[in-house]
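Enquirer: In the numbering used here, the protein residues as written are 8 to 240. Backbone N, C-alpha and C fix where the C-beta goes; we use that ideal spot for every residue, glycine too.
#1: From residue 166 to residue 174, what distance separates their C-alpha atoms?
#2: Let me know the secondary structure DSSP gives residue 235 once reduced to three states.
#3: Could you give the residue range of the alpha helix (DSSP H) that holds residue 122?
#4: I need the DSSP call for residue 180, collapsed to helix, strand or coil.
#5: Distance, Cα to Cα, residue 77 vs residue 54?
#6: Output needed for residue 2: all residues of its chain with C-beta closer than 7 Å, excluding positions within five of it in sequence on either side, in chain order.
#7: Exposed or buried, residue 213, counting other C-beta atoms within 10 Å across all chains shown (16 or more means buried)?
#8: Taking just the CA atoms, how far does residue 145 sit from residue 131?
#9: With residue 237 and residue 46 assumed to form a contact (beta carbons below 8 Å), what rounded beta-carbon distance in angstroms separates them?
#10: Whole angstroms are fine: how far does the CA of residue 240 sit from the CA of residue 88?
#11: Counting pairs of Cβ atoms below 8 Å between the stretch 90–106 and the stretch 222–234, do you hit three or more?
#12: Rounded to whole angstroms, what's the CA-CA distance from residue 210 to residue 200? Just pull it up for me.
#13: Does residue 215 pass the burial test, meaning 16 or more other C-beta atoms within 10 Å, or should it be called exposed?
#14: For residue 51, does the three-state DSSP call read helix, strand or coil?
#15: Where do the ends of the alpha helix (DSSP H) carrying residue 69 lie?
#16: Counting only the same chain and skipping the five closest in sequence on each side, list residues whose C-beta sits under 7 Å from that of residue 52.
#17: Could you give the DSSP three-state label for residue 203: helix, strand or coil?
Take a look at the structure:
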């Protein structure tokens, strides 16, 4: 019986150790594969842009000159074309299949999301009931506490209430004065001339429009490059 019990404990300990080892080596906590893929696509896009600036001539690009100085230009060109082709195919596959997997994920997770929402609703109702009971209890016991304080220290409650009201009024008054003073200073000393709100708003809108245009242009260029490189064997 003792040997059997010892063997059983050893099996349990071994199972726990393997479970801990599996958790430590698991990649499910962070999507390393997807992160690596997107990093590779990003690097490919940057290098492609560098090559396009030199008229499509890789050896004349900044990246090509660096690799030529290192003596690995020929091998890097083969590796570069292969990586571009693989990345382009992977991007096209992702563009085609990501919506499908997203739909499947939503369908799988929807019941659990609804369950979590119902649990949160029940929890909020319980918190509301607890708050109501606490408020009723405080309202019920407050007169007793006040009466006890008045019995041993007459006038203390009224004095505390008076001082509290005066302090709140003072804080409110000075806060409003400082707010008005700050706003007046900003209007007359800071946000004037080129820093006027209207000019800043126009500059912000112009910058957003230019950024949107550049992003759209880069995206169309990137898609064209993806289709070109995906045809490389």
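Expert: Per the coordinate set shown:
#1: Going by C-alpha positions, residue 166 is about 12 Å away from residue 174.
#2: Helix at residue 235.
#3: For residue 122, the enclosing alpha helix (DSSP H) starts and ends at 80–159.
#4: In the three-state scheme derived from DSSP, where H, G and I count as helix and E and B as strand, residue 180 is classed as helix.
#5: A direct Cα-Cα distance of roughly 17 Å separates residue 77 from residue 54.
#6: Outside the displayed range of the chain (8 to 240) lies residue 2, so it cannot be described from this structure.
#7: It counts as exposed.
#8: If I take the Cα positions, the gap works out to 21 Å.
#9: About 19 Å separates the beta carbon of residue 237 from that of residue 46, a gap too long to meet the 8 Å contact definition.
#10: Those two C-alpha atoms are separated by around 9 Å.
#11: Yes, they touch.
#12: In a straight line, the C-alpha of residue 210 is about 13 Å away from that of residue 200.
#13: Looking at its Cβ environment, which holds fewer than 16 other Cβ atoms inside 10 Å, residue 215 is exposed.
#14: It is helical.
#15: 69–77 is the extent of the alpha helix (DSSP H) around residue 69.
#16: These residues qualify, in order along the chain: 229.
#17: Of the three classes helix, strand and coil, the one that applies to residue 203 here is coil, per DSSP.
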